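Engineer:
Residue numbers (full-length UniProt numbering): 1 to 379.
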């Protein structure tokens, strides 16, 4: 009889534990999302209905795949292609609506003043949401994802690299990278060369960013290896975003996860090697012309930033800086090809400002007005 009672007690305990687990899952994956939908609906903010566990991921991916499978017209209306789901739901629900990525909701905003407030004037009031774990491994746990006091401390430490006086000192470094690229273009025996500008601008941006982050004390092979690994991480992250996986899936030793862990470890190892080498070689000394680089700023005793945090900031700068800059340069080249009159105007201004000098100086750059006037249009 006693054994029978113990058996039933164990069975009841197991049933209770399973019931609690099921209840928590139901709250997390159904009740909570529905309450959030009701909360925003009362404020007039709606969106596509939430589906259990998957949210709107399946619908969004179907629209993206359909858009990418169709020919793209040569026009400036690229939104239906780049963000097909946003374009579709924006027409239905307006400029502010909800989108569900699994059980996680995102409020989509399109008003410029509100975007400026969120990203700039009142950014401290908007806590950054932790993204997909593969995205976080790719872009690093740096300034873009930090919150609170740590964000403020890192921002204060890193900001001097973007001061105008320091940017002017970096001009010769950029000129050197561009000159090396143009020299490679001129090695064609026939005197003519067909250039894939996106590919070349990515190489150029990689070189400039590595010099900005590590100064002139880095070896080209190290930078290429890191960017190659980040490109592989991008592919895996893009594949992972197409599906909604279980919360604990990231910890399972699957083929994809093992590849991600290995690449992340190799990137960290390469970055730590570069940081340690710079510590030994420079001993806190700035670059020859006095320019400040990212790692040099973080190495200052007053910064109080750990080596692990340095690695994360480097990952952020290398990933974000490369793709934003290379894409902007490529897009600028496309627009110049579409509007030759701007080519003529820019060329005439460079000749007028720089004169007989082969390359512009830091003082010449601030005098070039055509790029400054046209930049808002490009953005």
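Beta carbons are placed, not taken as given, at the ideal position from N, Cα and C, and that holds for glycine.
Values in this document were obtained by computation on a predicted structure and should not be read as measured data.
According to DSSP, is residue 465 part of a helix, a strand, or is it coil?
Structural biologist: With the chain covering 1 to 379 only, the question about residue 465 has no answer from this structure.
Engineer: Run through the DSSP bridge pairs and tell me what residue 55 is partnered with.
Structural biologist: Paired residue(s): 101.
Engineer: Let's see if you can read the secondary structure: which residues bound the alpha helix (DSSP H) around residue 210?
Structural biologist: Segment 197-214, the alpha helix (DSSP H) holding residue 210.
Engineer: By Cβ distance below 6 Å, which residues in the same chain neighbour residue 135 in space, the five residues on each side in sequence not counted?
Structural biologist: Answer for residue 135: 237, listed in chain order.
Engineer: If you drop the 5 nearest sequence neighbours on each side, which residues of the same chain put their C-beta closer than 7 Å to that of residue 168?
Structural biologist: Only 362 meet the Cβ criterion.
Engineer: For residue 212, which residues from the same chain have a beta carbon less than 8 Å from its beta carbon, with the 5 sequence-adjacent residues on both sides left out?
Structural biologist: Excluding positions up to five away in sequence, the list reads 161, 170, 173, 293, 294, 317 and 321.
Engineer: Is the beta carbon of residue 319 sitting closer than 7 Å to the one on residue 278?
Structural biologist: The answer is no: Cβ separation not under 7 Å.
Engineer: Considering only residues of the same chain and omitting the five flanking positions on each side of residue 324, which have a CB-CB separation below 7 Å?
Structural biologist: Correct list: empty, nothing qualifies.
Engineer: So the candidates are 109, 35, 84 and 331; which of them puts its Cα closest to the Cα of residue 69?
Structural biologist: Among 109, 35, 84 and 331, the Cα nearest to that of residue 69 is on 84.
Engineer: Would you kindly report the start and end of the unbroken alpha helix (DSSP H) that includes residue 171?
Structural biologist: Note, residue 171: alpha helix (DSSP H), 171-185.
Engineer: For residue 360, count neighbouring Cβ atoms within 10 angstroms of its own Cβ and tell me buried if that reaches 16, exposed if not.
Structural biologist: With 16 or more Cβ atoms within 10 Å of its Cβ, residue 360 is classed as buried.
Engineer: Excluding the 5 residues preceding and the 5 following residue 198 in the sequence, name in chain order all residues of the same chain whose CB lies nearer than 6 Å to its CB.
Structural biologist: Here the set comprises 330.
Engineer: Taking DSSP as the reference, what is the three-state secondary structure of residue 291?
Structural biologist: Of the three classes helix, strand and coil, the one that applies to residue 291 here is coil, per DSSP.
Engineer: Could you tell me the boundaries of the alpha helix (DSSP H) in which residue 413 lies?
Structural biologist: Because the chain here runs from 1 to 379, residue 413 falls outside it and cannot be looked at.
Engineer: Tell whether a beta-carbon distance below 7 Å holds between residue 89 and residue 48.
Structural biologist: Contact: yes.
Engineer: Between which two residues does the alpha helix (DSSP H) containing residue 307 stretch?
Structural biologist: Residues 307-338.
Engineer: Exposed or buried, residue 97, counting other C-beta atoms within 10 Å across all chains shown (16 or more means buried)?
Structural biologist: The residue is buried, with at least 16 neighbouring Cβ atoms inside 10 Å.
Engineer: For the putative contact between residue 143 and residue 313, defined by C-beta atoms under 8 Å, what is the C-beta separation to the nearest angstrom?
Structural biologist: Right, the Cβ-Cβ distance comes to about 7 Å (below 8 Å), so this counts as a contact.
Engineer: Would residue 383 and residue 147 be called neighbours here (beta carbons separated by less than 7 Å)?
Structural biologist: No information on residue 383 is available, as it lies outside the stretch 1 to 379 that the chain covers here.
Engineer: Which residues bound the alpha helix (DSSP H) around residue 364?
Structural biologist: Its alpha helix (DSSP H) spans residues 362-365.
Engineer: Assuming residue 275 contacts residue 157 (C-beta within less than 8 Å), just tell me the rounded distance between them.
Structural biologist: Actually they do not touch by this definition, with Cβ atoms about 15 Å apart.
Engineer: Could you tell me whether the segment 228-242 touches the segment 338-358, using the rule of 3 or more Cβ pairs below 8 Å?
Structural biologist: They do not touch, by the three-pair rule.
Engineer: Return helix, strand or coil for residue 304, following the three-state DSSP convention.
Structural biologist: Reduced to three states, the DSSP call for residue 304 is coil.
Engineer: Using alpha carbons as the reference points, say which of 94, 370 and 104 lies closest to residue 29.
Structural biologist: It is 104 whose Cα lies nearest to the Cα of residue 29.
Engineer: Using a Cβ-Cβ cut-off of 8 Å (strictly less than) and excluding sequence neighbours within five positions of residue 347, which residues of its own chain qualify?
Structural biologist: Closer than 8 Å at Cβ, skipping near neighbours: no residue.
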